[in-house]
């Protein structure tokens with residue numbers, strides 16, 4: 008990777024960082040989530056393609072990187088499902104009775 012490529016990637020990451028910070032102060036409702044996720048995906052792609060050099064690597068290396076992200080998505084989905092299905096209701100064993 009050339010020095011110019013490194014500087015362009017750094018500049019792109021700094022611009023995306025500024026966009027992330029700016030989007031946090033703009034009240035767009037639920038659109039903020041999708042904008043932030045799109046910016047995060049763009050940052051991740053820059054890091055993956057250029058700094059991890061997946062763009063010029065062999066197909067086997069790329070497939071293992073994709074498999075790692077596939078498992079990461081599974082873990083995020085399971086964590087999200089667990090978090091969204093929890094309630095604040097107390098179980099019968101947790102309720103204290105006063106006599």
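Numbering (the numbering used here), first residue to last: 8 to 106. C-beta: ideal position from N, C-alpha, C; glycine also. Keep in mind that this is a model prediction, so the values were computed, not measured.
**Item:** Proximity to residue 24 [Cα-Cα], best of 43, 10, 64, 14
**Value:** 43
**Message:** Given this structure, state the Cα-to-Cα distance separating residue 68 from residue 100, to the nearest angstrom.
**Reply:** 51 Å
**Request:** On a CA-only basis, which of 62, 51, 17 is nearest residue 76? Give me that one, please.
**Result:** 51
**Prompt:** Apart from the five residues on each side of it in sequence, which residues of its chain come closer than 8 Å, Cβ to Cβ, to residue 12?
**Reply:** 57
**residue 46 vs residue 26 beta-carbon contact at 8 Å** = yes
**Item:** Extent of the continuous alpha helix (DSSP H) to which residue 77 belongs
**Value:** 66-91
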